[in-house]
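Enquirer: Let me give you the structure first, and then I'll get to my questions.
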Amino acid sequence: MRKKQYFKKTAAIIVAGAVAASTVACGNETGNQNSTEQSKAPATTAPTNTTEQSENSEPVKVTALSTWAVSDIRPVKDQTLVGQWLEEQLNMDLELVTIPSEGVTTKVNALAASGDLPTVLFKTGDTSDIGKVNELGEKGVFLNVMDYLDKVPNYAKYLEDDFIRRELSNTEGNVYAFAKVYTDENIMYTTPIIRQDLLEGSEYSNQSIQTIDDLTEVLVYLTEKMGTPAWIQRNGFNAFMEKSGLLWNLDHNTFYDYEQDTFTHPILEERTKAYIEWLRDLRSRGVIHPDWAIMTDETWEGLLASDKGFFTIDRMSIIGDNNFSQEFDWQPVDYPEINGKAYLQPNQAKTMPSTAWVINAKAGQSEIDKALAFMNFLYDEKNHEVLTLGFEGKTYTKEDANTMAGIRWLIQIYGENADDPNAEFIYQHGIQSFTRLQTPIDMKSFPGTYPKIMYEQIDHIKQKQSGFRPAAPTVSFTDEIRTRLTTQETSLNTFFDEQVIKFIEGERNMDEWDVFVSEMKEKGVEEVVGYYNTAYADYKAR
């Protein structure tokens, strides 16, 4: 395999293949007993759908591109039980080649141009974007999975789902990405949550909020009671409008309206004026934090932790976070009715993750064959328990369980770092995952990320409403249209955002709304929406 010395220098410090939280070894002495312990592995560890191989054949080397962060302090791959297990099951020598996590897109492009691209890439760019993956795939950089479906039947079965296939394929129907697939529908990441403990003794509760007027009353009550704005959101204007817009089935730029099954822009929807008037009213009454359009993640979390924010629309895991006082009783709020109607809530399992692994199309055929066997292995649910948890008594124990699944991680997961007082911190921040399936095992093993109340709320919503909001489709554009949108849509969105802030802050009178609509049309909003709906028609035709 062609490799730069640059990679050789860094590969030794990284775990083989970005193992899951549970995949790290429990000590040097455990690592030395690896082959013995693996012979005792349960039936679920047997490889499935791998290439036939002779016991005496040499392992095929597969290099895999990954990135590292400053906080990463990880053992080399042969000190990880699951890393060794993978290599043994697949007769593979997996070697990580690493680059810093900044400027990934530039580095990947340079490696592709020089012919030094590793066999597999766990990271393809600075952002997770299937569209960018497809662009490189169309240029012959990444392997077209559709040409090798017989080699990856465990992945191919997921591509039979129309939504998954459409999300991953380009305009020609080719798929280059091995994306993570949800196999459990019980994931509700984003929801309105409120401090129920601050409502005790009042006429209000999270369950009493049935309409948008009810929500307004409760937020005003909390603001007046606590003397500080009740509603805070993180990550500035875009995130605030995205999250609050969910209640109204709106966004701050071109979006997919599931009710109309079409793309539209908020300026073209009549309810947008009422939505902005609602935010304007809450802002004028001090309910929305004055820094709503610029609030950072750090500021937001600090306010929540210091008892200075009591309502937010964000991740359900706040309820299980240990960095918030256990006296804070965060509870979910159903989407309120607006004009007698409540819009459907989004469900994480109804979306397609944009992270993707790819195979180098120009690697040697033996490497490509082994990489395909590797991918097929990772998508087999029979292997998922070991990929996620590792080995009982070695990487986890069911004694003194502290999660729904009865899994308790051992601090000795880091082998030579077992006695390091920072081992737990390293464990939380310095690992990635081999798993390509998001199954109930993942969720039950991480109660902070997927608290029990999430399951209860999902059951409640299923009973109360018909289900969850359909996922927004990810459409693709031709190079010509993409170039137009780069300038036209960016300019349009900037103008829209600037004017919306003025309306919410009271710097522009609501009587000027119709003028604003005309201004947006003059700037080509209908043309931009037309591009999206043309692309959506192609998407549905795939």
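All residue numbers for the sequence shown refer to my numbering, where the first residue is 40 and numbers rise by one.
Glycine is no exception: its CB is placed at the ideal position from the N, C-alpha and C atoms.
1) Quick one, which of 251, 247 and 392 has its alpha-carbon nearest residue 379's?
2) Work out the CA separation of residue 544 and residue 322 for me, nearest whole Å.
3) Just the C-alpha distance for residue 560 and residue 571, rounded to the nearest angstrom, thanks.
4) Check whether the segment 219-239 touches the segment 288-306, taking contact to mean three or more Cβ pairs, one atom from each stretch, closer than 8 angstroms.
5) Using alpha carbons as the reference points, say which of 554, 121, 422 and 376 lies closest to residue 539.
6) Can you tell me whether residue 155 is helix, strand or coil according to DSSP?
7) Helix, strand or coil: which one does DSSP assign to residue 377?
8) Tell me the start and end of each unbroken alpha helix (DSSP H) in the segment 121-165 that is at least 4 residues and wholly inside, in chain order.
9) Roughly how far, in whole angstroms, is the beta-carbon of residue 582 from the beta-carbon of residue 496, given that I think they are within contact range, below 8 angstroms?
10) Whole angstroms is fine: what's the gap from residue 406's alpha carbon to residue 400's?
11) Going by C-alpha to C-alpha distance, which of 163, 126 and 96 sits closest to residue 104?
12) When we look at the beta-carbon of residue 128 and count the other beta-carbons within 10 Å, is it buried (16 or more) or exposed?
13) Tell me the rounded alpha-carbon separation between residue 74 and residue 102.
14) Which residues in the same chain have their Cβ closer than 7 angstroms to the Cβ of residue 179, if we skip the five residues on either side of it in sequence?
15) Which ranges would you report for the alpha helix (DSSP H) in the segment 232-271 if only whole runs of at least 4 residues count?
16) Compare the C-alpha of residue 390 against each of 126, 202 and 154 and name the closest.
17) Shortest alpha-carbon distance to residue 478 belongs to which of 234, 521 and 421?
18) Can the beta-carbon of residue 159 be found less than 7 angstroms from the beta-carbon of residue 410?
19) What separation, rounded to the nearest whole angstrom, lies between the Cα atoms of residue 310 and residue 351?
20) Using a threshold of 7 angstroms, state whether the C-beta atoms of residue 375 and residue 271 are closer than that.
21) Can you tell me whether residue 294 is helix, strand or coil according to DSSP?
22) Please confirm if the segment 315-335 is in contact with the segment 254-274, defined as three or more CB-CB distances below 8 angstroms between the two stretches.
23) Do residue 417 and residue 475 have their beta-carbon atoms positioned less than 7 angstroms apart in this structure?
24) Give the single residue among 169, 216 and 166 whose Cα lies nearest to the Cα of residue 186.
25) Tell me which residue opens and which closes the beta strand (DSSP E) that residue 395 is part of.
26) At which residues does the alpha helix (DSSP H) containing residue 351 begin and terminate?
27) How about residue 232 and residue 369: are their beta carbons less than 7 angstroms apart?
28) In whole angstroms, give me the CA-to-CA distance for residue 193 and residue 206.
29) Whose C-beta lies closer than 7 angstroms to the C-beta of residue 144 among residues of the same chain, with five residues either side of it excluded?
30) Where do the ends of the alpha helix (DSSP H) carrying residue 529 lie?
31) Just to confirm, are residue 287 and residue 314 a CB contact at a threshold of 7 angstroms?
32) Would you mind stating whether residue 214 and residue 429 have Cβ atoms separated by less than 7 angstroms?
33) Would you please state the rounded distance, in angstroms, between the beta carbons of residue 257 and residue 243? I believe it to be under 8 angstroms.
34) Measure the C-alpha to C-alpha separation of residue 343 and residue 349 and round it to an integer number of angstroms.
35) Return the CA-CA distance between residue 415 and residue 393, expressed in angstroms with no decimal places.
36) Based on Cα-Cα distance, which residue from 228, 153 and 138 lies nearest to residue 491?
Expert: Concretely, from the data shown:
1) Ranking the options by Cα distance to residue 379, first place goes to 251.
2) 7 angstroms
3) 16 angstroms
4) no
5) 554
6) coil
7) strand
8) Runs found: 143-153.
9) Residue 582 lies beyond the range of the chain shown here (40 to 581); nothing can be said about it.
10) 10 angstroms
11) 163
12) buried
13) Confidence at residue 74 is low in this model, with a pLDDT of 34, below 50, so its placement is unreliable and no value can be given for it.
14) 400
15) 251-265
16) 202
17) The residue with the shortest Cα to Cα distance from residue 478 is 421.
18) Yes. Within cutoff.
19) 22 angstroms
20) no
21) strand
22) Counting Cβ pairs under 8 angstroms, three or more are found: they touch.
23) yes
24) 216
25) In the DSSP assignment, residue 395 falls within the unbroken beta strand (DSSP E) covering 395-398.
26) Careful: residue 351 lies outside any alpha helix (DSSP H), inside the beta strand (DSSP E) at 350-354.
27) yes
28) 18 angstroms
29) 164 and 165
30) 518-543
31) yes
32) no
33) 5 angstroms
34) 7 angstroms
35) 19 angstroms
36) Ranked by Cα distance from residue 491, the options 228, 153 and 138 are led by 228.
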